[in-house]
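The block underneath contains the structure these notes are about, expressed in structure tokens.
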Ligand code: NAD
Ligand code: UDP
Ligand code: UDP
């Protein structure tokens, strides 16, 4: 049994990770300030005596004794991370600094949830880890992209200067149950719009691509990365290489929900990447042949089932 700290543990990915780590027989401390996370995501875990919930901002120093740290605290959807860009930067940079200081003090191994956004609007396709990226340092996405890039730098400097055992994963678009229905990301937006009979909002012409990974595949990769040999620091891409356009995604959502919603076109946000697909050769090589197992259409159906319950609960609440 290990004692493991998960920052951002009440969020979408963090909640799945906490559950998985508990199932493996670990003690889990979940640190979250509930900015985009939700107690509901982890409500089932609260009965477990080996689960502890701490309301704390990761930008504030935090002292505890742990064996491993997964650093996930950071808003992830463009709508949320652009709401208060200075706070987003503080969360990425000061959050990483505090968690690295903690890891150094207690000699814990620490994993950083970095992102495909470090590649910006990529000019190399698909993106391997040795691509340095194409990022606008002063645009609307910069607080997130540059914050995550700076966090990676801090991780490597603590590794080189203080021999902290670091692990960096670059997560590509991930979806699944426990996504915040209002967080503005494309999968949750399209599903909620379809289920509520609202228009489906396609930004731009809908021909931009993304590669969507089901959350269970990511969590498997994260845990394998954390427990891989110390010499393998990453950064390593974790994503599903199947690339689709936003139009294809919208059509699948309409088909699986049976919705009659119409597609409407809205302006493409500034600096919106045109295409994104991970090269996962490194993960396969170092993480015991890791690769995504869940086909995007199957994952989409499971996610729709989750959102159907959310919508039903909302309707029932409004009726009382
Ligand atoms: P999320 O918004 O659901 O979860 C983030 C969690 O961090 C929330 O519970 C939030 O309340 C918490 N948080 C935010 N700021 C905090 C602060 N200052 N102090 C303490 N807690 C704070 O997002 P997610 O999709 O679960 O993302 C988790 C991590 O994975 C993030 O670091 C994100 O950048 C990274 N990531 C996610 C994706 C994706 O597609 N979901 C892709 C790339 C990287
Ligand atoms: N820190 C923390 N918990 C710890 C140890 C350190 O939050 O258990 C914070 C500490 O407050 C500092 C940061 O991590 O802001 C970096 O710590 P480090 O010891 O590397 O640097 P220093 O304190 O010497 O600036
Ligand atoms: N998008 C869209 N309609 C929406 C929300 C997003 O067409 O209602 C597009 C967005 O412009 C982007 C893609 O879907 O091209 C993925 O957006 P998301 O915010 O989910 O993630 P990111 O841009 O960070 O990959």
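Residue numbers (UniProt numbering): 1 to 320.
Here a beta-carbon is modelled for each residue, glycine too, at the ideal position from N, C-alpha and C.
The structure presented is a predicted model; accordingly, all values stated were derived computationally and were not measured.
Whose beta carbon lies closer than 7 Å to any heavy atom of ligand 3, going through the chain in order?
-> 77, 78, 117, 173, 184, 185, 186, 187, 189, 190, 201, 202, 203, 204, 206, 208, 210, 246, 268, 269, 272, 273, 276
Alpha carbon to alpha carbon, what distance is there between residue 46 and residue 158?
-> 34 Å
Please classify residue 201: does DSSP put it in a helix, a strand, or coil?
-> strand
Which runs of the beta strand (DSSP E), 3 residues or longer, sit entirely within the stretch 79-164?
-> 109-115
Taking only the alpha-carbon atoms, compute the straight-line gap between residue 7 and residue 35 and give it to the nearest angstrom.
-> 12 Å
Output the boundary residues of the beta strand (DSSP E) element that contains residue 32.
-> 27-32
Please confirm whether any heavy atom of ligand 1 lies closer than 7 Å to the CB of residue 13.
-> yes
Sequence-distant residues of its chain with Cβ nearer than 8 Å to residue 18 (five each side left out) = 6, 9, 28, 30, 42, 45, 51
Cβ-heavy atom distance between residue 46 and ligand 2 below 7 Å?
-> no
Using the beta-carbon of each residue, find all residues closer than 6 Å to any heavy atom of ligand 2 and list them in chain order.
-> 61, 62, 63, 97, 98, 101, 102, 104, 105
Taking the C-alpha atoms as reference points, what is the distance between residue 282 and residue 179?
-> 28 Å
Are the beta-carbon atoms of residue 98 and residue 49 separated by less than 8 Å?
-> no
Using 10 angstroms around the beta-carbon of residue 109, count the other beta-carbons present and answer buried if the total reaches 16, otherwise exposed.
-> buried
For the alpha helix (DSSP H) holding residue 309, just list the boundary residues, first then last.
-> 296-319
So, do the stretch 165-175 and the stretch 207-215 have three or more beta carbon pairs nearer to each other than 8 Å?
-> yes
Whose CA, out of 191, 244, 232, lies closest to the CA of residue 288?
-> 232
Considering only the beta carbon of each residue, do residue 241 and residue 278 sit closer than 8 Å?
-> yes
Please list, in chain order, all residues of the same chain as residue 93 whose beta carbon is under 8 Å from its beta carbon, the five residues on each side excluded.
-> 147, 150, 151, 154
Going by Cα to Cα distance, which pick from 132, 126, 112 is closest to residue 118?
-> 132
Of all the options 264, 210, 221, 225, which has the alpha carbon lying nearest to the alpha carbon of residue 201?
-> 264
Cβ neighbours of residue 243 in the same chain (closer than 6 Å, five flanking residues each side left out) | 209, 211, 277
Taking C-beta to C-beta, are residue 271 and residue 139 nearer than 8 Å?
-> yes
Whole-number beta carbon distance between residue 252 and residue 300, since they are thought to touch under 8 Å = 6 Å
Cβ-heavy atom distance between residue 34 and ligand 1 below 7 Å?
-> yes
Do residue 10 and ligand 1 come close, with the Cβ less than 7 Å from some heavy atom?
-> yes
Looking at residue 299 and ligand 1, is the gap between the Cβ and the nearest heavy atom below 7 Å?
-> no
Quick one: what's got a C-beta closer than 8 Å to residue 72's C-beta in the same chain, skipping five residues either side?
-> 6, 7, 8, 9, 11, 13, 14, 17, 113
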